[in-house]
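Undergrad: Please find one structure pasted underneath; my questions will follow.
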Amino acid sequence: MDRIRIVGGNKLNGTIAISGAKNAALPLMIAALLTDETLILDNVPRLADVAQLQRILGNHGVDITSVGKRPGDRQYQGQTLHISAANIIDTTAPYELVSRMRASFWVVAPLLARMHEARVSLPGGCAIGTRPVDLLILALEKLGAEIAIDGGYVVASAPGGLKGATIDFPKVTVSGTHVAVMAASLANGTTVITNAAQEPEILDLADCLNKMGARIYGAGTPRITVEGVSRLHGARHTVLPDRIETGTYAMAVAMTGGDVLLSGARAELLQSALDVLSQAGAEVTVNNEGIRVARNGAAINPVRVSTAPFPGFPTDLQAQLMALMVCATGSSHITETIFENRFMHVQELARFGARIQLDGETATIHGIEKLRGAPVMATDLRASVSLVIAGLAAEGETMVNRVYHLDRGFERLEQKLSACGASIERISD
Ligand code: UD1
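The sequence shown lines up with residues 1304 to 1732 when you count with this note's numbering.
In structure tokens, the structure reads:
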């Protein structure tokens, strides 16, 4: 299994091109199941999760061709996928495929909406809490689906098609909102979704669906209205930039010091995280090429942050912020409100010498002057990258073992960082 070796201490200077967002690309690819015409997606990141979803869609009979520049080409711009679900040959998504990536469960919505039936294995994914699918099922039931759980599978049917309804989510859920929007697009009648997630990836999905002929209003706000249509057609859509990748590299620069332009990044997608970085002492400036992050000599100030649904501070940047706070000049407090059990990086950060105390949902980080490199183990996607950030700033060598999770969500991580002066390499055994 691959490992990543880092020799810490170098500042980061230069430009990092931000890739398309994984969390937008996945639902957009799944939305292709809603039409028998071709959906073309530009700026799709080359990630293990994208490849895995291609296999899952292939199993349903979807044809996908990939074009675009390869990694290493000069003007690298992600890949363009041509996705055609002209013939859906199978409405079952099997355990072997779905258990490896939680988001693949979402195929239940377009399959049910278009084919009126779906049999989808209950999901797997990152080990960050129980992550049930009860709210997704609630949304589909409101739209008139009959749902049973049989042998670890969700078996859903809607013989006469789905029907518009009111869906009031008791809790803000990104997955629930994606599923509700996709299913309601082909339902008969109007659906109103309240307490909807406002994440930018929801808006990106709705924009794409509207290009495909859907009638979705209010995406990006807590109240979304979907007027169902009888069919959707092909379209072309560009995946929005990855705000989590942006925030991750921004934290890395704040940690090591230096000056990096995150090209193609959009500040409005992560304003809360940029505000926290400024509070921590990083210089953040926005220009028409992207976001510039710099820290030259200034101390890292401690912060107090709670994760929250968008536009709040994203849970997917919690581990990275914690890595940064390990070197702050005082005590920081980070509260995780979205997922229970999302503190698995704490014990690994301790291997660098970090002093972190956990009390329920809150971690108190007592800043220290210097981290020391260590062998560490990645446990989930965002936790893994927090270890990379710590390794970049630590004295000496860090070996990040089991990097499988990193490849699920970070495109060309070692290349992007080493181009800015980091000493980082992948070791394939
Ligand atoms: C998505 C993101 C993930 C991010 C998360 C929160 C993708 C592919 N993943 O995950 O990176 O960390 O949003 O921003 O986009 N919940 C239930 N029942 C359900 C569904 C969710 O109780 O049926 C709970 C979850 O356990 C969690 C909370 O709701 O505590 C939020 O989950 P949700 O917003 O649905 O996260 P995901 O869409 O899975």
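Where a beta carbon is used, it is the ideal one built from N, C-alpha and C, also for glycine.
In this text, all values refer to a predicted model and were calculated from it rather than measured experimentally.
Grab the span of the alpha helix (DSSP H) containing residue 1628 for me, first residue to last.
TA: Run containing residue 1628: 1621 to 1628, per the alpha helix (DSSP H) assignment.
Undergrad: Cβ of residue 1365 within 8 Å of Cβ of residue 1335?
TA: Yes, Cβ-Cβ distance for residue 1365 and residue 1335 is below 8 Å.
Undergrad: Counting beta carbon pairs with one atom in the stretch 1517 to 1531 and one in the stretch 1693 to 1710, are three or more of them shorter than 8 Å?
TA: Touching, no.
Undergrad: Using the DSSP secondary-structure output, state which residues sit across from residue 1636 in a beta bridge.
TA: 1607, 1667
Undergrad: Starting from residue 1537, follow its DSSP beta bridges and name the residues at the other end.
TA: Answer is none; residue 1537 lacks a bridge partner.
Undergrad: Please return the same chain residues whose Cβ sits closer than 7 Å to the Cβ of residue 1705, not counting the five positions on each side in sequence.
TA: Setting aside the 5 residues that flank it on each side, residue 1705 is surrounded in the same chain by 1304, 1680, 1681, each with a C-beta closer than 7 Å to its C-beta; the list follows chain order.
Undergrad: Going by Cα to Cα distance, which pick from 1570, 1659, 1537 is closest to residue 1544?
TA: 1570
Undergrad: Excluding the 5 residues preceding and the 5 following residue 1523 in the sequence, name in chain order all residues of the same chain whose CB lies nearer than 8 Å to its CB.
TA: 1501, 1503, 1505, 1506, 1509
Undergrad: Buried or exposed: residue 1617, going by 16 or more other Cβ atoms within 10 Å of its Cβ?
TA: buried
Undergrad: May I ask you to check if the CB of residue 1504 is nearer than 7 Å to at least one heavy atom of ligand 1?
TA: yes
Undergrad: Between the beta-carbon of residue 1622 and the beta-carbon of residue 1534, is there less than 8 Å?
TA: No; because the gap between Cβ atoms is not below 8 Å, this pair is not in contact.
Undergrad: Grab me the residues of residue 1387's own chain with a C-beta within less than 7 Å of its C-beta, minus the 5 sequence neighbours each way, in chain order.
TA: Once the five neighbours on either side are set aside, the close Cβ partners of residue 1387 are 1341, 1365, 1366.
Undergrad: Which word fits residue 1477, buried or exposed, when buried means at least 16 other C-beta atoms lie within 10 angstroms of its C-beta?
TA: buried
Undergrad: So within the stretch 1526 to 1584, which uninterrupted beta strand (DSSP E) runs reach at least 3 residues, ignoring any that extend past its ends?
TA: 1526 to 1530, 1538 to 1541, 1561 to 1566
Undergrad: Does DSSP put residue 1655 in a helix, in a strand, or in coil?
TA: helix
Undergrad: Can you pull the DSSP bridge partners for residue 1466?
TA: In the DSSP output, where bridge partners are listed per residue, residue 1466 has 1491.
Undergrad: Would you mind sorting residue 1601 into buried or exposed? The rule is 16 or more other CB atoms within 10 Å of its CB.
TA: exposed
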